[in-house]
Amino acid sequence: MFQRILVVFENEKVCNDSLTYTRELALRMDSDITLLMLVEMAFMDRSYIGSKRSAITHIEEQMRKLLSKITGRFLKEGIVISTALRIGHPAEEFLKFLAEKPPFQALIWGSSANLPEIGRFPQNHWIRKVAGNLECPLLTVSSKEQLESPQE
Amino acid sequence: MQNGVKSTFDSYSKLKRVKRRLGPITLQKPAMRQDRQNDRGKNSSHIFVVDDDKIALKNLRRILEKDIHTVSTFSNPLRALKKLEEKHCDLIITDLKMPYLDGISLLNKVKLLNPSIEVILITGYASLDGAINATRQGAFFYLSKPFTPDKMLALVRQALKQKLLKEDSAALQEKNPRSAGTYPVIIGKSPKIVQVEEAIRQIAPSGSNVLITGESGTGKELAARAIHYQSHRAEGPFVAFNCGAFSEELIANEIFGHEKEAFTGATSRKQGLLEVANSGTVFLDEIGDMPVSMQIKLLRVIQEREFLRVGGTRPISLDVRIIAATGKDLKAAMREGVFRQDLYFRLNVVNVIMPRLSERKQDIPLLAYYMLEKFLRRMNKNITAISRDALALLENYTFPGNVRELENIIERAVAVCQGNTIKVSDLPPDLASLELYSYQRPDSALLSLEELEQDYIRHILKISGGARTQAAEILGIDRVSLWRKIKKYNLE
């Protein structure tokens with residue numbers, strides 16, 4: 002059964018084309034959508050949040066607003082949608098989330114048209130490190146016009 | 003000699019009087035028979051009686067109407083034949099010797115028109131030869147005059163029962179693809195799907211357990227059905243169960259069934275899927291999502307060939323073939339300890355790998371036209387083709403939902419298409435305006451390092467709009483190395 006699509010976002014960045022494609026795919030496949038927002042934050046001592054407590058509360062409030070704004074677009078179409086927020090090391094949190102949840106049939110990168118890069122070493126970004134070893138293909142979406150126009 | 007129709011439905015009020023006299027009658031009929039009769043909009047069978055003797059017609063009508071049948075009488079067999087083309091009839095009772103057309107000729111013509119109609123021949127000059135001849139031609143019975151009303155009624159009931167049995171059997175044959183001579187069809191001519199078809203043909207008769215792996219929407223259940231219908235268990239049931247959709251308790255209850263009072267709410271004994279599928283095939287979909295405790299029970303079933311219902315103490319022996327399917331990497335699941343190794347080896351006697359649709363793009367036009375034809379029949383539309391642009395768009399799409407996604411796209415296109423050709427505008431808007439790139443698992447793609455490099459360089463060149471400096475920067479190599487690789491892989 003093609004039932005669950007997971008859209009992964011990083012640090013508040015949302016790509017409109019990814020959302021458009023996710024909506025179309027969910028309608029086409031009669032699937033549920035889960036939006037996962039990953040926010041990077043380093044915790045030296047995992048057992049004690051300490052001074053980060055107020056920062057986390059602030060992030061949670063901000064993400065709640067952003068995610069509820071996004072979910073509205075899907076709910077209007079009658080698509081079942083749920084959201085999740087994970088704060089910490091993105092790769093670890095992402096893999097932990099996948100392990101905890103029932104399997105997804107499609108993963109869509111929702112933060113940019115292509116997978117993000119870090120300077121001259123694109124493979125250093127955490128999503129590039131895990132992209133090839135996920136339970137199903139990770140899809141990136143970009144508009145065709147954008148691709149066809151030369152960038153040089 | 004008698005000519006013309008003597009009477010047809012003129013006795014409806016008389017029939018009602020007869021019914022009133024007989025009082026309320028409850029007939030216990032099988033569901034299929036009841037449905038069919040309701041479809042016809044009446045509760046009794048329709049019998050044509052053909053005889054050139056008016057008194058015989060009158061007597062037969064009286065006898066048959068007592069048994070709540072609708073009777074039409076004809077003194078001319080040709081009129082009866084003509085009426086047969088217009089009206090429904092279950093049984094014909096005809097005299098053997100008649101003017102214009104004798105009983106045997108009428109029998110032959112009736113069987114040509116509708117082979118399911120039963121015919122009883124009656125004659126005042128019964129002979130062994132005549133009886134043999136009539137039976138050879140397909141008559142239900144050859145009855146000699148004089149006969150008692152009870153004998154006639156018993157014969158009519160038998161004939162009608164036989165007709166219903168024949169119709170039920172025909173309906174069952176339609177439902178059972180094996181007996182109708184058709185199998186689940188795997189569409190495609192690409193080498194990967196031809197390999198799958200060949201593997202199915204080879205393993206189907208063996209009776210071994212099969213593990214089908216492949217992504218969601220690649221047709222794992224279709225392959226399982228194909229194996230079942232090509233095996234010697236084809237006459238047995240095919241039972242499919244999705245292990246990922248239920249909790250552990252529900253899976254146990256569904257697979258093994260339960261005894262009465264096994265738990266609160268178990269008011270009666272329930273047969274499990276394994277029991278229902280006995281002498282057939284069980285298809286366990288999403289086996290990778292089965293809880294470990296259930297995996298132990300399933301392993302025991304496979305090893306011992308017997309099981310216990312939930313709350314039961316008596317083992318039930320079993321003769322089923324198990325076909326399991328998963329979209330997950332079971333080897334990785336075994337390494338993580340979430341899938342039992344012994345069960346994996348028990349199930350993975352033969353492994354069939356269903357290819358992704360993106361791996362067999364050459365099948366897309368074939369599949370698209372096959373699905374178009376399927377939906378045209380359902381939606382009653384007049385679409386003759388898929389435009390070249392639309393087909394090219396489909397061929398270049400990644401299809402993360404595989405064949406199921408293609409099916410949904412075609413269904414949508416047929417629904418929205420106004421003309422007689424499916425155009426790009428009839429396809430979902432994201433197909434035309436958005437570009438999709440898929441980062442596949444390296445283990446399932448089975449690409450060589452060179453192929454992977456070639457694919458990745460092509461992708462980077464595409465997203466950089468052909469700008470080599472930028473592409474080289476993204477790839478982390480210098481321009482000269484990139485130029486050399488472009489030349490090597492012919493990516494100009």
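These protein sequence lines map, in sequence, to chains A and B. Each residue of the first sequence is one higher than the last, beginning at 2 in the numbering used here. Each residue of the second sequence is one higher than the last, beginning at 3 in the numbering used here. The beta carbon of each residue, even a glycine, is placed where N, CA and C say it ideally should be. Only a predicted model underlies this, so the values are computations on that prediction, with no experimental measurement involved.
Counterpart residues of residue i in DSSP-defined beta bridges
i         : result
Trp485(B) : Trp485(B) pairs with nothing; no bridge assigned.
Ala242(B) : Phe285(B)
Tyr144(B) : Leu123(B)
Gln420(B) : Its beta-bridge partners do not exist; DSSP assigns none.
Tyr439(B) : Thr141(A)
Asp97(B)  : Ile124(B)
Ser83(A)  : Thr35(A)
Leu213(B) : Ala326(B), Asn353(B)
Arg5(A)   : Asp33(A)
Ala387(B) : Thr423(B)
His260(B) : Lys272(B), Val312(B)
Ala107(A) : Ile6(A)
Lys14(A)  : Glu11(A)
CB of residue i within 7 Å of CB of residue j, strictly
i         : j         : result
Lys128(A) : Ser19(A)  : With the sequence shown as reference, residue 128(A) is identified as Ile, and Lys is not the correct amino acid for it. Not in contact: Ile128(A) and Ser19(A) (Cβ atoms no closer than 7 Å).
Ala320(B) : Arg307(B) : Residue identity differs from the one stated: residue 320(B) is Leu in this sequence, not Ala. Going by C-beta atoms, Leu320(B) is nearer than 7 Å to Arg307(B).
Ile304(B) : Arg348(B) : yes
Val405(B) : Gly221(B) : yes
Ala92(A)  : Val131(A) : yes
Asp97(B)  : Ile124(B) : yes
Arg316(B) : Thr283(B) : no
Val322(B) : Leu275(B) : no
Lys168(B) : Ser118(B) : yes
Thr400(B) : Ser360(B) : yes
Arg362(B) : Ile195(B) : yes
Thr35(A)  : Ser83(A)  : yes
Ala415(B) : Leu429(B) : yes
Leu369(B) : Leu433(B) : no
Tyr441(B) : Gly133(A) : yes
Ile88(A)  : Val40(A)  : yes
Phe309(B) : Phe258(B) : yes
Val73(B)  : Ile94(B)  : no
Gly1(B)   : Lys147(B) : Any property of residue 1(B) remains undetermined from this structure, which presents chain B solely from 3 to 494.
Ile388(B) : Ile424(B) : yes
Leu59(B)  : Leu86(B)  : no
Asp69(B)  : Met100(B) : no
Residue i: contacting residues in chain A (beta-carbon distance under 7 Å)
i         : result
Tyr441(B) : Ala132, Gly133, Pro138, Leu139
Lys330(B) : Pro104, Glu136
Contact belief for residue i with residue j at Cβ below 8 Å, rounded distance in angstroms
i         : j         : result
Ala417(B) : Met381(B) : 7 Å
Ala473(B) : Ser483(B) : Their Cβ separation, rounded to whole angstroms, is 11 Å, which puts Ala473(B) and Ser483(B) out of contact at 8 Å.
Thr75(B)  : Val51(B)  : 5 Å
Ala228(B) : Ile289(B) : Not quite, the Cβ-Cβ distance comes to about 18 Å (not below 8 Å), so this is no contact.
Val312(B) : Glu263(B) : The Cβ separation is near 11 Å, so there is no contact.
Asp104(B) : Ser47(B)  : Incorrect: roughly 25 Å between the Cβ atoms, too far for contact.
Ile49(B)  : Thr215(B) : No, Ile49(B) and Thr215(B) are not in contact; Cβ-Cβ is about 59 Å, not under 8 Å.
Ser295(B) : Glu250(B) : 6 Å
Val426(B) : Leu395(B) : 6 Å
Ile188(B) : Ala225(B) : 7 Å
Under 9 Å by beta carbon: chain B residues contacting residue i
i         : result
Ser144(A) : Ser435, Leu436, Glu437
Thr21(A)  : Pro431, Asp432, Ser435, Leu436
Glu25(A)  : Pro430, Pro431, Asp432, Leu433, Leu436
Met42(A)  : Simply none; closest approach about 25 Å.
Residue i versus the options, residue with shortest Cα-Cα distance
i         : options                                    : result
Leu438(B) : Arg87(A), Asn134(A), Ala107(A)             : Ala107(A)
Glu11(A)  : Phe95(A), Leu139(A), Pro138(A), Leu135(A)  : Phe95(A)
Ala27(A)  : Gly403(B), Glu250(B), Ile488(B), Cys245(B) : Gly403(B)
Val340(B) : Lys66(A), Ala56(A), Glu101(A), Val81(A)    : Glu101(A)
Lys145(A) : Thr58(A), Arg74(A), Lys97(A), Asn115(A)    : Asn115(A)
Glu397(B) : Glu200(B), Glu67(B), Gln364(B), Tyr458(B)  : Gln364(B)
Lys490(B) : Glu455(B), Ile70(B), Ala161(B)             : Glu455(B)
Ser32(A)  : Arg65(A), Gln63(A), Leu39(A), Phe105(A)    : Phe105(A)
Gln204(B) : His230(B), Gly478(B), Arg271(B), Glu453(B) : His230(B)
Asn135(B) : Ile106(B), Leu157(B), Gln160(B), Ile424(B) : Ile106(B)
CB contact check: residue i to chain C, cutoff 7 Å
i        : result
Ala92(A) : Looking for chain C here will not work: the only protein chains present are A and B.
Partners in chain B for residue i, counting only beta-carbon separations shorter than 8 Å
i         : result
Arg74(A)  : Those do not exist, as Arg74(A) stays about 14 Å from chain B at its closest Cβ, beyond 8 Å.
Ala107(A) : Pro402, Gly403
Within chain A, partners of residue i - CB distance below 9 Å
i         : result
Ile94(B)  : What Ile94(B) touches in chain A: nothing, since even the nearest Cβ is about 52 Å away.
Ser427(B) : Those do not exist, as Ser427(B) stays about 15 Å from chain A at its closest Cβ, beyond 9 Å.
Contact list for residue i against chain B, beta-carbon separation under 7 Å
i         : result
Pro117(A) : Correct list: empty, because the minimum Cβ distance to chain B is about 12 Å.
Asp18(A)  : Leu436
Listed by chain order, chain A residues near residue i by CB distance under 8 Å
i         : result
Glu88(B)  : Result: empty, since nearest Cβ-Cβ is about 47 Å, beyond 8 Å.
Arg414(B) : Arg29
Asp291(B) : Pro103, Pro104
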